[in-house]
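To keep things clear, I will list the structure first and then write my remarks on it.
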Amino acid sequence: MDATLNDAAAFFRVLGDATRLAVIARLARSDERLIGLSTAIKQPAETVAAALADLQSAGLVVSRASDVHPGEMYYHLDLDQMQNRYLTAGRLIHPALVQAITGVEEETVRRTKPRVLFLCTHNSARSQMAEGILRTFSRGEIEAFSAGSQPDSVHPLAIETMDGMNVDIRNQRSKHYNELIDQTFDYVITVCDRAREACPVFPGAKDTIHWSIPDPAAVEDEMERRRAFHQAATILATRIRYLQILIEREQREQAVMR
Numbered sequence: 003m004d005a006t007l008n009d010a011a012a013f014f015r016v017l018g019d020a021t022r023l024a025v026i027a028r029l030a031r032s033d034e035r036l037i038g039l040s041t042a043i044k045q046p047a048e049t050v051a052a053a054l055a056d057l058q059s060a061g062l063v064v065s066r067a068s069d070v071h072p073g074e075m076y077y078h079l080d081l082d083q084m085q086n087r088y089l090t091a092g093r094l095i096h097p098a099l100v101q102a103i104t105g106v107e108e109e110t111v112r113r114t115k116p117r118v119l120f121l122c123t124h125n126s127a128r129s130q131m132a133e134g135i136l137r138t139f140s141r142g143e144i145e146a147f148s149a150g151s152q153p154d155s156v157h158p159l160a161i162e163t164m165d166g167m168n169v170d171i172r173n174q175r176s177k178h179y180n181e182l183i184d185q186t187f188d189y190v191i192t193v194c195d196r197a198r199e200a201c202p203v204f205p206g207a208k209d210t211i212h213w214s215i216p217d218p219a220a221v222e223d224e225m226e227r228r229r230a231f232h233q234a235a236t237i238l239a240t241r242i243r244y245l246q247i248l249i250e251r252e253q254r255e256q257a258v259m260r
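Numbering (the working numbering), first residue to last: 3 to 260.
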């Protein structure tokens with residue numbers, strides 16, 4: 003049998019379990035530790051751990067050690083891998099399915115701009131890059147902000163890395179989240195583990211999301227630090243691309259219901 007068929011069959015088998023699907027759906031929105039994931043999907047920790055092991059073996063879920071909780075891992079869905087496997091499987095069934103999935107842009111509806119706040123500890127690297135990337139990708143149709151619990155100046159390598167992606171963050175500044183605490187945001191996204199622990203409650207937020215991304219500024223070797231900034235920017239760009247699709251779809255659905 004063709005290897006592509008075998009891979010598609012394996013993909014469908016992985017999806018053919020309610021717990022694994024619940025894990026995928028949760029991780030598609032936010033990174034989680036085992037205990038948080040267990041609570042979110044209302045399944046025993048050992049059941050969730052088994053589902054995570056299956057999804058990691060399938061290459062759909064990856065993990066990294068928590069910066070705050072020793073011995074614990076943060077899990078996240080590899081969105082690009084998920085999309086590639088999903089589209090490949092659909093193409094095998096019928097080529098038109100892929101076109102139907104990826105193809106027709108829905109009519110743009112005039113609506114209030116959604117507001118997204120990115121938080122990290124120093125508001126100098128990850129959250130600054132995330133703010134700039136989302137603003138650029140959305141062409142200003144999504145309002146992007148960033149702040150931190152211990153703000154520092156914007157890291158020069160964050161500016162340099164963004165220049166390489168044609169994203170200009172030179173006019174952005176670091177700020178404490180207290181400057182924004184009275185404002186309303188649709189999505190509040192923490193991009194470092196410490197910020198997740200210290201993040202205040204922003205009333206009115208539709209969703210609070212966590213992305214567990216290593217701090218590139220913490221890397222000591224200069225060459226490795228540059229590489230770490232590039233990796234962090236690539237991760238952020240991928241996640242923001244999917245976030246933008248999610249936000250725009252939710253906006254359209256809300257407009258239809260009005």
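Glycine included, each C-beta is placed from N, C-alpha and C at the ideal position. The model shown is predicted, which means the values in this text are computed figures rather than measured ones.
For residue i, the three-state DSSP class (helix, strand or coil)
i, result
"A55", "helix"
"A207", "coil"
"L136", "helix"
"L79", "strand"
"E145", "strand"
Best match in the options for proximity to residue i [C-alpha to C-alpha]
i, options, result
"V63", "T21, D69, P72 and D80", "D80"
"I144", "T114, P218, T163 and G166", "T114"
"A53", "E74, D4, H96 and G18", "G18"
"R117", "H157, T210 and P97", "T210"
"Q45", "T21, R35, Q152 and R31", "T21"
Cα-Cα separation between residue i and residue j, rounded to whole angstroms
i, j, result
"D33", "E255", "25 Å"
"D56", "F14", "13 Å"
"V25", "A47", "12 Å"
"A160", "A234", "10 Å"
"V50", "C122", "28 Å"
"Y189", "H232", "25 Å"
"R175", "S155", "7 Å"
"A42", "D195", "18 Å"
"L238", "A11", "31 Å"
"H212", "A67", "14 Å"
"K208", "A219", "30 Å"
"A146", "G38", "27 Å"
"G150", "G61", "33 Å"
"H78", "S65", "6 Å"
"I215", "L29", "14 Å"
Residues of its chain near residue i, where Cβ-Cβ distance is below 6 Å and the 5 sequence neighbours each way are ignored
i, result
"V221", "R227 and A230"
"Q185", "none"
"D162", "First, the residue type needs correcting, since residue 162 is Glu and not Asp in the sequence shown. Closer than 6 Å at the Cβ level, and outside the excluded window around E162, lies no residue."
"M84", "L62"
"N125", "S148, A149, G150, P153 and S176"
Close Cβ partners of residue i (< 7 Å) along its chain, the five nearest in sequence each way excluded
i, result
"I242", "A132, I135, L136 and F139"
Cutoff 8 Å; reference residue i; Cβ partners in own chain excluding five residues on either side
i, result
"T240", "L81 and D82"
Inset, instruction - Within the segment 190-256, note down every full alpha helix (DSSP H) run reaching 4 residues or more, in order along the chain. - result: 195-200
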